[in-house]
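Let me begin by presenting the structure, written as structure tokens, before commenting on it.
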Amino acid sequence: MLKKTILVLALAVALAFVFGCQPEKPKVMELSVLNYLDLTSEGAKNWDKLVAAFNEKYPNITLKVENLYDEAYHQKLKALAAANNLPDVMYLWPGGRSAEVTSAGLVADLTPMIDKSKYASAALAPQGDGKLYELPFAVTACHVMFANKKLIESLGLTMPKTYDELKAMVPKAKAAGLETVIMPNKAAWVMQSCLFSAVVGRVAGQEWINKAVAGEASFTDPEFVKSIQVIADMYASEILPPTSIQLDYGDNPALFAQGKGLFMIDGDWRTQALIDVMSEEEQENIELMVLPDIAGQKGPSSSTATVPATGFGMKAGLDKDKADAAWKMISFFCGEEGAKFRLETEGMPPAYKLDVSSVDLKPLAKKRIAFYPAHPGTAVLDNVISGEPINIINNGLQELALKKITPEALAKKIDDAFKAAM
Amino acid sequence: MMEIRSEKKTKIIIYFIFILPALIVYLAVVAFPVITSVFLSFTDYNVYKNEATVVGMKHYIKMMKDDIFWTALANNFIIVFISVFGQIPIGFMLAYILYRKIVGMEKFFQAMVYLPAVISTIVVGILWNKMFSAVGGITKLLQLLYNDPHYMIQILNEKFLAFIPLSVVFIWMYTGFYMIVFLANLQKIDPAILEASQIDGASESQIFFKVIMPSLRGVIVITAILAISGSLKGFDLLFALTNGGPAGYTEVLAIYMYRYTFIINNYGFGSAVSTVIVLISVILIALTRFINSRFGEEVN
Amino acid sequence: MAKTDLQKNLTSIGIKIIFYVIFFTFTILTILPLVWLFYSSFKPKAEIVMNPLALPKNFIITNYIQAWTIGKLGLYTINSLFYTSVSTIVSIVFAMGASFAFAKLRYKITVFFYNLFLMGLLISIHSILVPLFLAETWVHLQDTHLGILIPYIALALPVAIYLGTEYIKGIPDSLIESSRMDGAGYFRIFAEIVFPMCMPVVMTVAILTILGCWNEFILVFILTSSESTRSLPVGIYAFSGPLAIEYGLQFAALVIGAAPMILFYAFFNRQITKGFAAGAIKG
Numbered sequence: 136m137l138k139k140t141i142l143v144l145a146l147a148v149a150l151a152f153v154f155g156c157q158p159e160k161p162k163v164m165e166l167s168v169l170n171y172l173d174l175t176s177e178g179a180k181n182w183d184k185l186v187a188a189f190n191e192k193y194p195n196i197t198l199k200v201e202n203l204y205d206e207a208y209h210q211k212l213k214a215l216a217a218a219n220n221l222p223d224v225m226y227l228w229p230g231g232r233s234a235e236v237t238s239a240g241l242v243a244d245l246t247p248m249i250d251k252s253k254y255a256s257a258a259l260a261p262q263g264d265g266k267l268y269e270l271p272f273a274v275t276a277c278h279v280m281f282a283n284k285k286l287i288e289s290l291g292l293t294m295p296k297t298y299d300e301l302k303a304m305v306p307k308a309k310a311a312g313l314e315t316v317i318m319p320n321k322a323a324w325v326m327q328s329c330l331f332s333a334v335v336g337r338v339a340g341q342e343w344i345n346k347a348v349a350g351e352a353s354f355t356d357p358e359f360v361k362s363i364q365v366i367a368d369m370y371a372s373e374i375l376p377p378t379s380i381q382l383d384y385g386d387n388p389a390l391f392a393q394g395k396g397l398f399m400i401d402g403d404w405r406t407q408a409l410i411d412v413m414s415e416e417e418q419e420n421i422e423l424m425v426l427p428d429i430a431g432q433k434g435p436s437s438s439t440a441t442v443p444a445t446g447f448g449m450k451a452g453l454d455k456d457k458a459d460a461a462w463k464m465i466s467f468f469c470g471e472e473g474a475k476f477r478l479e480t481e482g483m484p485p486a487y488k489l490d491v492s493s494v495d496l497k498p499l500a501k502k503r504i505a506f507y508p509a510h511p512g513t514a515v516l517d518n519v520i521s522g523e524p525i526n527i528i529n530n531g532l533q534e535l536a537l538k539k540i541t542p543e544a545l546a547k548k549i550d551d552a553f554k555a556a557m
Numbered sequence: 004m005m006e007i008r009s010e011k012k013t014k015i016i017i018y019f020i021f022i023l024p025a026l027i028v029y030l031a032v033v034a035f036p037v038i039t040s041v042f043l044s045f046t047d048y049n050v051y052k053n054e055a056t057v058v059g060m061k062h063y064i065k066m067m068k069d070d071i072f073w074t075a076l077a078n079n080f081i082i083v084f085i086s087v088f089g090q091i092p093i094g095f096m097l098a099y100i101l102y103r104k105i106v107g108m109e110k111f112f113q114a115m116v117y118l119p120a121v122i123s124t125i126v127v128g129i130l131w132n133k134m135f136s137a138v139g140g141i142t143k144l145l146q147l148l149y150n151d152p153h154y155m156i157q158i159l160n161e162k163f164l165a166f167i168p169l170s171v172v173f174i175w176m177y178t179g180f181y182m183i184v185f186l187a188n189l190q191k192i193d194p195a196i197l198e199a200s201q202i203d204g205a206s207e208s209q210i211f212f213k214v215i216m217p218s219l220r221g222v223i224v225i226t227a228i229l230a231i232s233g234s235l236k237g238f239d240l241l242f243a244l245t246n247g248g249p250a251g252y253t254e255v256l257a258i259y260m261y262r263y264t265f266i267i268n269n270y271g272f273g274s275a276v277s278t279v280i281v282l283i284s285v286i287l288i289a290l291t292r293f294i295n296s297r298f299g300e301e302v303n
Numbered sequence: 280m281a282k283t284d285l286q287k288n289l290t291s292i293g294i295k296i297i298f299y300v301i302f303f304t305f306t307i308l309t310i311l312p313l314v315w316l317f318y319s320s321f322k323p324k325a326e327i328v329m330n331p332l333a334l335p336k337n338f339i340i341t342n343y344i345q346a347w348t349i350g351k352l353g354l355y356t357i358n359s360l361f362y363t364s365v366s367t368i369v370s371i372v373f374a375m376g377a378s379f380a381f382a383k384l385r386y387k388i389t390v391f392f393y394n395l396f397l398m399g400l401l402i403s404i405h406s407i408l409v410p411l412f413l414a415e416t417w418v419h420l421q422d423t424h425l426g427i428l429i430p431y432i433a434l435a436l437p438v439a440i441y442l443g444t445e446y447i448k449g450i451p452d453s454l455i456e457s458s459r460m461d462g463a464g465y466f467r468i469f470a471e472i473v474f475p476m477c478m479p480v481v482m483t484v485a486i487l488t489i490l491g492c493w494n495e496f497i498l499v500f501i502l503t504s505s506e507s508t509r510s511l512p513v514g515i516y517a518f519s520g521p522l523a524i525e526y527g528l529q530f531a532a533l534v535i536g537a538a539p540m541i542l543f544y545a546f547f548n549r550q551i552t553k554g555f556a557a558g559a560i561k562g
């Protein structure tokens, strides 16, 4: 009898416990997610693992993900926006590329939800009208100069400290049948994003960029003209060889890894492509640096151009439960769990403040992490300038490479385009 | 009387039943967008907000002032030129050689010349892009020939000369089509006429100019019309081959429109470019109709 | 006399040689890129960049397996087959019906409608791309199968109606009149007499439509975004977008993209040529 009573009591307690904690049936929340992912890439598999980890942590949030890449993503987002049917969570860019959708008031401001102490302050730079529409995964350095130290030393050269020293390396490299800098400039955005922005930041300085973007400085100012002249000089002196303009984006990691050039200029995201094709020993011979200092520069020494990375944002006007679930998803993918995962799988140093010492990394990935504190960041132009002027800059830099326009004329053209767009 | 009228009525109903499915689909896809496009070209349509404010001729004025627009337009005419004076004459010549059986292995050669035309333009574009690229097959071959590992195809960096290597691709891709068309029509010429003129002692050139050419006049005009209209469509190939680069030197109107609309998100401007393309099409239609009525047979 | 004969022979041999050279040039231009593409597709990425002309040192077929699986090329092939077959069949039925009406049920308005369709022969698809994208977005047809089929059918109609009308005009009126006398309705005449007689032109139109739809790129590229709606050319382009680096996969994908049409051509070579001869482009 006693046994029975205890059993009933125990059962009652257990039931009460179960119902007490979950007074109603667990509600399954479905979130529609528009993700930006190249399914043909290596990283595609990692995404699935991250989603699985999320499902484990939040079993009652179901993610309905659509993975799109490149134009397909932008087309879809536009179509959904025009039909007033945005997904609950979507992949966004911090500035230029997502400006249209964020400025239309379709995306929620995440500022009140983000715990600022947990993220690198550079990552939380305002993304237009002082708001944060997406939580960036990382801070991206768009300009990195990868140096093949072993190859440089084998030619009896030393690592360049100044731009002029770099220039002086060209004849020796040429004599050895090597390129000085490998840079794939067939696509127009590469020069602007991976080199020119950093040069403007270095030569003219961030303050000037701020003024120019605000319309208080002119693109015909000597600082800006000089920045263009640096690029022109790099082509003229064949620091950038003539073949550069015909090199496809994607050709360079293999060429650099095989020792066809002393340096490679690209974004920090290319580190992983090198890790994929180089042994650990070879990686030890590679240094991550930036374009050396230029005489008369107004910006910080050894600076690069940085931009908060992409990340997830949520649709404006979600109801409380949905917004709550959406934030859980965003902070999982962009916060601690996502940060750790991305660091381990892709060697991406996260925006989330994370103890990186515990993670086992390849030599080049370690160098990448050490790169950021050593190099102050200035703006990437396509993050602060959008629409047609940036198109003019990209195209103009190609014309410059082909020696079809003078730096002065290009500066004037950019100034005109910028003023017309204001 | 009543019966005839009702039969007439039925007949016209039947007439429309036959043409309506085609007409509705066609108007929905062609006519409606063209009209919408003209309307949008006078506005600052924002696709994200789905709002449009009227801005008048702004986009057209900007287009007229833009160098790249004129480069694109000029490039479209270069493609027309390549088609009309490259693909058609070469296609005709090849067809004639095959028709007169001057060379052997006609079936094989015919197949080889025509083959590129059946492969997807996007595949062809990517393939030739790879061949011309700095680490591609053609570049490598030239580097070996010149014994210079840094050799590059200079011509690709010149504003109008960049089209010379590209025209090779255009000719390679489309000549086969014209060859097949000419060959088909040559084979329709009654062999008895040829034999008769040979018996009469006509020379090869006399046969060509007196017998062959007159019977093909109509086809030549039609192929010219097709070539001109097809040239406005040269998008896929160039999109995959150069994407308008470098510095917009190989831009054509279709890529120009694509860039402004889908990359820069200026739908109003993109619509204005679309409208200009339609206008050019209409002018070309009128022009070719005129040429046709003067020199060719009546199309209808 | 003998001398001029000899000269004639020599020049004709010279001409022959020149002609052979021309044809061989075309043949080489056709075969070499395809051969280069084919053997390169068995090379790993780094070899393609480093030694573009060399034969594969490490012969691998993983490029194909990976391209096929991660590129979802199987699904895209099915989509392409679906778009091509449905558009071809529907556009032929629609076009032959209209052609019959235009050619045999003459009304004054025919001139207007017929010319309206002929205009379509010269209208560039790109001039309607932007508004078509917007219109499909407004009516929620963007990124659907129907949203691709409708423009495909519409764009196939002008050629089909042009060829169909010209062909049906050649069918004697007496044939239709005598059937009318026998009490046959127009639908029966169309279905049982006219359409079967049009088989040669239907074949031609089918081949043109199949080639056009199978190879079409930009419409699907702009109007769709999901895997379930994209077609093979767009799937192949995904391997060579602006950020692509997987050249091995890209080359394998290009071979997969080129092969079906080369095979189609190998099988239907005669029909394609005959199709044109049957009155494809009116002489």
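Protein chains in written order, with the numbering used here: chain Y, 136 to 557; chain X, 4 to 303; chain A, 280 to 562.
Cβ coordinates follow ideal geometry from the N, Cα and C atoms, glycine included.
Quick caveat: nothing in here was measured; it's all calculated off a predicted structure.
- Listed along the chain, the chain X residues whose CB falls inside 8 Å of the CB of T309/A are M115, V116, L118, P119, W175.
- Residue contact check for K554/Y against chain X: no CB pair falls below 8 Å.
- Chain order gives the chain Y residues near L159/X as Q381, where near means a beta carbon separation below 8 Å.
- Each of K433/Y, L375/Y, A347/Y, E471/Y was checked against the Cα of F189/Y, and the nearest Cα belongs to E471/Y.
- For I258/X, the three-state secondary structure derived from DSSP is helix.
- Taking a cut-off of 8 Å for Cβ pairs, the region 177-187 of chain X and the region 125-133 of chain X do not touch, as fewer than three such pairs fall below it.
- Listed in chain order, the alpha helix (DSSP H) elements of length 4 or more contained wholly in the region 44-123 of chain X are 61-68, 70-85, 91-102, 109-121.
- The region 455-464 of chain Y makes no contact with the region 353-367 of chain Y: fewer than 3 CB pairs, one atom from each, lie closer than 8 Å.
- For A282/Y, the secondary structure class from DSSP, reduced to helix, strand or coil, is strand.
- L502/A is positioned such that its CB atom lies no closer than 8 Å to that of S359/A.
- Within 7 Å of the CB of S277/X, no CB atom of chain Y is found; the nearest one sits about 17 Å away.
- What P331/A touches in chain X, judged by beta-carbon distance under 7 Å, is V138, G139, G140, K143, going in chain order.
- With respect to the C-alpha of L426/Y, the residue from A461/Y, G178/Y, V279/Y, A322/Y having the closest C-alpha is V279/Y.
- A straight line joining the alpha-carbon of F506/Y with that of R232/Y spans about 26 Å.
- Under DSSP, K450/Y takes part in a beta bridge, and its partners are V242/Y.
- Below the 9 Å Cβ cutoff, chain Y contributes no neighbours of H424/A, its closest Cβ being approximately 16 Å away.
- Between A531/A and Y318/A, the alpha-carbon positions lie close to 10 Å from each other.
- Under DSSP, N202/Y shares a beta bridge with N170/Y.
- DSSP places D401/Y inside the beta strand (DSSP E), whose first and last residues are 396-401.
- Between L197/X and S136/X, the alpha-carbon positions lie close to 49 Å from each other.
- When DSSP states are grouped into helix, strand and coil, A187/X belongs to the helix group.
- For S320/A, none of the residues of chain X pass the 9 Å Cβ criterion, the least Cβ distance being about 11 Å.
- Look at T439/Y here: in three-state DSSP terms it is strand.
- In the same chain as S320/A, and ignoring 5 residues on each side of it, the C-beta atoms closer than 8 Å to its own belong to N342, Y343, G527, F530, A531, L533, V534, in chain order.
- Around the beta carbon of S379/Y, 16 or more other beta carbons sit within 10 angstroms, so the residue counts as buried.
- For the region 402-429 of chain A, the residues whose beta carbon sits under 9 Å from a beta carbon of chain Y are, in order, F412, L413, E415, T416, W417, H419, Q421, D422.
- The criterion of a C-beta distance shorter than 8 Å is satisfied by T291/X and I231/X.
- Closest in C-alpha terms to G431/Y, from the list T297/Y, E191/Y, L169/Y, G446/Y, comes T297/Y.
- Per DSSP, E288/Y has no beta-bridge partner at all.
- Q210/Y has a beta carbon lying within less than 8 Å of a beta carbon in chain A.
- Selection R297/X, S296/X, V281/X evaluated against L400/A yields V281/X as nearest (Cα-Cα).
- Secondary structure of L426/Y (DSSP, three-state): coil.
- Relative to the Cα of N195/Y, the nearest Cα in the group F272/Y, A217/Y, M164/Y belongs to M164/Y.
- By the Cβ test, the region 416-426 of chain Y is not in contact with the region 360-380 of chain A, since fewer than three Cβ pairs between them sit closer than 8 Å.
- When K14/X, L26/X, E10/X, T13/X are compared, the shortest CA-CA separation from A439/A is found for L26/X.
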